[in-house]
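Reading the sequence shown from the start, the letters are residues -26 to -1, 1 to 499 in mature numbering (1 follows the signal peptide of the UniProt record, and there is no 0). In what follows, a structure is listed as structure tokens, so that the remarks can point back to it.
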Amino acid sequence: MISINISPTIYILSIFLLLSASLTTSFSIQNNFIKCLSINSHVPIPSTSIFTPNNSSFATILDSRAENLRLTEPSVPKPVLLFTPLNESHVQAAVICSKKLGINIRFRSGGHDFEGLSYVSFIEKPFVVVDLANLRSISVDIKTETAWVQVGATLGEVYYSIAEKSKVHGFPAGFCPSVGVGGHITGGGYGSLLRKYGLAADNVVDALIVDANGRLLDRKSMGEDLFWAIRGGGGGSFAAILSWKIKLVAVPETVTVFTVTRNQDTKLLYRWQQVVDKLDDNLQIRVQMLNINATVITTYSALFLGGADRLLQVLQVFPELGLTRADCIETSWIRSVLYFDNNPVNASLEILRRRRFSNRFYYKSKVDYVQEPIPEMALEELQKRVLEEENPVIVWTPYGGMMSRISESETPFPHRKGNIFKFNYFVGWLDGNDENDARHMNWVRSLYSYMTPYVSKSPRAAYVNYKDLDLGINKRGNTSLIQASSWGLKYFKGNFKRLVKVKTKVDPHNLFRHEQSIPTFGLKR
């Protein structure tokens, strides 16, 4: 064996030179991208829209719109540049420069991305984040029952803007007001109106995008195949979305909400599974299972599009719930949004316009779809496992109604007829470190494994808006169709092949890419 002695001075000098080279490279990339932006934008870009890691505001802006603290750790890769465009031309320039300079680009609208793929890259270096928070205009037209909504707007802002114009219109999107409209609709998007009107993506009639060549396109100019793909095919694969034209839906002036709590009642849970997807389309009863002070608590929360007396009549098929008139709160649809965000129904509607997250923590989530009632024995074991974790939440979202009447291929979102409900296994924690992260994530993975016999099969379905990197990831420069099928079929089932076909046509060089983006048939990058 040959021994080579390197003096400490030479070793330190080598490290210094490597770091200097890295910093020089990063500076060169930043400088080139900034110059490219100024050349390719038809509208001047203010310096206050561009942030590099040397800027004092860089970390604050990057992390402020990252809901999952697990993705803000120092060890997590950071972009070389953060760009906050002010108009459409700025976004076009960003796409053009990404293509010209060969730099991976990520688009963020709200920051609720469960695995942070809109602002973190584990496979691409360097990368740039384009934060679309400034593109947030909302134009509601009650006469045509539509609204144009820019992707940086939040769901709360959309609901608020609709309510300003009408008491009898709403939009079937998510429960959480701080979610960004852009990413929410690209994956489908669901909320309390799911059983009545389907997904948010089911109620989109037009869109404005920037394609892989930097062109500004609407539904007519992009074509029906691409318009189909962006409404449920997941964000970051086909184009940069700028605006959605949404179709407003009818809601009554009076709706009814309730939340009732039951302790460790597996018989009631089993009965819920038997009836929940067959109830009146105007009623959604969602279940949450939690560990409160070492006791499994199950809450049944509901929205009914109508008055309390009619609700009690509808629930005569589910007497086991034991709902009384005293449990019911009559209110307006817009105030039901406050209610499901854990606010009093009489709270100020201004809450809906808050753009900051009310709570941030470390978390990991996994999803399943259930097509046959889970037996009581398995429910009892599920409750035991809930007691093993400090802050678990298992959410049961019922399907049926309109979701069973829309074809699996109508949009890329395929989870329609035949699903009783969707499971979301969720665990959150505040004490982030390697040991705690592993412990909590192992719990949710173990639970997911245990539930295998009781959930959908071939494929075991998943929801693309709740991304799960456990299902697999792309490799840098080698996006394999076979590898991508490991998650693509779970998210999209038979629609995956059509999504790949659209991707190959509109983005053959794979400009829009991330860890779970749609691949092309033959990678040409």
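Glycine is no exception: its CB is placed at the ideal position from the N, C-alpha and C atoms. Since this is a predicted model, take the numbers as computed values, not measurements.
Is I348 buried or exposed, if buried means 16 or more other CB atoms sit within 10 Å of its CB? buried
Have a look at F314, E350, Y93 and V341 and flag the residue whose alpha-carbon is nearest the alpha-carbon of A147. F314
Residue interval of the alpha helix (DSSP H) (run including residue 520): Any question about residue 520 goes unanswered here, given that the chain covers just -26 to 499.
Considering only residues of the same chain and omitting the five flanking positions on each side of E354, which have a CB-CB separation below 8 Å? T240
Would you mind reading off the limits of the alpha helix (DSSP H) that contains residue 502? No statement about residue 502 is possible, as the shown extent of the chain runs from -26 to 499 and does not include it.
Rounded to whole angstroms, what's the CA-CA distance from V94 to K52? Just pull it up for me. 6 Å
Please report how far the alpha carbon of Q66 lies from the alpha carbon of L295, in whole angstroms. 53 Å
Element boundaries [alpha helix (DSSP H), containing D411]: D408 to Y424
State the Cα-Cα distance for the pair G163 and D342, rounded to the nearest angstrom. 16 Å
Going straight from the alpha carbon of K441 to that of D87, what length do you get? Each residue's Cα considered, the two are about 7 Å apart.
Do the region 191 to 206 and the region 380 to 397 meet, that is, are 3 or more Cβ pairs less than 8 Å apart? yes
Does the distance from the C-beta atom of V17 to that of H64 stay below 8 Å? yes
Bridge partners - residue 524, DSSP secondary structure assignment: The first residue shown for the chain is -26 and the last is 499, placing residue 524 beyond what the model contains.
Would you be able to state if there are at least three C-beta pairs under 8 Å between the region 392 to 402 and the region 109 to 128? no
Just to confirm my understanding: we take C10, look at its own chain, exclude 5 residues before and 5 after, and list those with CB closer than 7 Å. What are they? C71, K74 and L75
Look up N177 in the DSSP assignment and say whether it is helix, strand or coil. In the three-state scheme derived from DSSP, where H, G and I count as helix and E and B as strand, N177 is classed as helix.
Cβ distance (whole Å) where L443 is taken to contact E489 below 8 Å: 6 Å
Measuring straight from C-alpha to C-alpha, what distance separates V291 and F395? 18 Å
Given a cut-off of 8 Å, decide if E47 and G85 are closer than it, judged by their beta-carbon atoms. no
Whole angstroms is fine: what's the gap from S275's alpha carbon to L289's? 13 Å
Between W307, L109 and K340, which lies nearest to Y134 when the distance is taken from Cα to Cα? W307
Can you list, in chain order, the residues of its chain whose CB lies under 8 Å from that of I325, leaving out five sequence neighbours each side? G130, P151, L312, D315 and N317
From V184 to R110, what distance separates their C-alpha atoms? 16 Å
S322 to V261, Cα distance in whole Å? 26 Å
By a C-beta neighbour count over all protein chains shown, 10 Å radius and 16 as the cutoff for buried, is E363 buried or exposed? buried
Quick check: what's the CA-CA separation for A107 versus L485? Distance between the alpha carbons of A107 and L485 is about 22 Å.
Would the beta-carbon of V476 fall within 8 Å of that of L200? The criterion of a C-beta distance shorter than 8 Å is satisfied by V476 and L200.
Going by Cα to Cα distance, which pick from S83, Q4, I79 and Y422 is closest to K338? Y422
Identity of the residues DSSP links to residue 555 by a beta bridge: Past the boundaries of the shown model lies residue 555; the chain is included only from -26 to 499, so the question cannot be answered.
Mind reading off the beta-carbon distance from R169 to P20? Whole number of angstroms is fine, and I expect it under 8 Å. Contact flag wrong, Cβ pair sits at about 46 Å.
Tell me where the alpha helix (DSSP H) around A33 begins and ends. In the DSSP assignment, A33 falls within the alpha helix (DSSP H) that extends over F32 to S38.
Please report the distance separating the alpha-carbon of N6 from that of L356. Here the C-alpha atom of N6 lies approximately 54 Å from the C-alpha atom of L356.
Within 8 Å (strictly less), CB to CB, does E382 reach chain D? Among the protein chains of the structure shown there is no chain D, as only one such chain exists.
Answer yes or no: do A282 and T230 have a C-beta to C-beta separation smaller than 8 Å? yes
Own chain partners of R299 with C-beta closer than 7 Å, once the 5 adjacent residues on each side are dropped: When the five nearest sequence neighbours on each side are left out, the beta carbons in the same chain lying within less than 7 Å of the beta carbon of R299 are those of A282 and L286, in order along the chain.
Quick check on H158: does DSSP put it in helix, strand or coil? Correct three-state label for H158: helix.
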